[in-house]
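In the working numbering, the protein residues as written are 36 to 139.
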């Protein structure tokens with residue numbers, strides 16, 4: 036089961052890297068979050084989870100990042116950007132699931 040989730044995460048990461056960043060979102064803050072940094076942080080944590088177990092501190096930041104998407108997503112009014120960031124959110128949620136499964 037864990038291997039399947041890791042494969043799914045790798046696929047999501049590859050899909051994300053193939054998508055162009057949403058036009059007009061560079062330098063944009065939504066709900067106090069810089070959208071470039073949200074993108075970067077989401078991918079970085081997914082990559083770390085894919086490679087290895089996170090520290091307790093990094094796991095806590097991943098949890099906060101997951102919550103940040105709950106605030107940001109409803110505020111995005113651009114269709115492409117909403118899909119782009121929803122995909123990122125799903126990637127972060129899967130990363131958190133993998134991390135939790137590893138800790139058991």
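Idealized CB from N, CA, C, for every residue including glycine.
1) If you drop the 5 nearest sequence neighbours on each side, which residues of the same chain put their C-beta closer than 6 Å to that of residue 129?
2) How about residue 52 and residue 81: are their beta carbons less than 7 Å apart?
3) Identify, in the order they occur along the chain, each residue of the same chain with its Cβ nearer than 6 Å to the Cβ of residue 124, setting aside the five sequence neighbours on each side.
4) In the DSSP output, which residue or residues are listed as bridge partners for residue 74?
5) Quick one: what's residue 69 bridged to in DSSP?
6) Taking the alpha carbon of residue 66 as the reference point, which residue from 95, 117, 109 and 97 has its own alpha carbon closest?
7) Can the beta-carbon of residue 107 be found less than 7 Å from the beta-carbon of residue 61?
Per the coordinate set shown:
1) Counting from 1 along the chain shown, the entry for residue 129 is found at position 94. The beta carbon of residue 129 sits closer than 6 Å to the beta carbons of 44 from its chain, once the five residues preceding and following it are set aside; these are given in chain order.
2) Reading the chain shown from its first residue, position 17 is the one you call residue 52. Reading the chain shown from its first residue, position 46 is the one you call residue 81. Cβ distance not < 7 Å, so residue 52 and residue 81 don't count as in contact.
3) Numbered from 1 along the chain shown, position 89 holds the residue referred to as residue 124. Same-chain partners within the cutoff: 104.
4) For this step, residue 74 is matched to residue 39 along the chain shown. Partner residues in a beta bridge of residue 74, as assigned by DSSP, do not exist.
5) Numbered from 1 along the chain shown, position 34 holds the residue referred to as residue 69. Beta-bridge partners of residue 69 (DSSP): 64.
6) Numbered from its first residue, the chain shown carries residue 66 at position 31. Selected option, being the one with the closest Cα: 109.
7) By one-based count along the chain shown, residue 107 stands at place 72. By one-based count along the chain shown, residue 61 stands at place 26. No; because the gap between Cβ atoms is not below 7 Å, this pair is not in contact.
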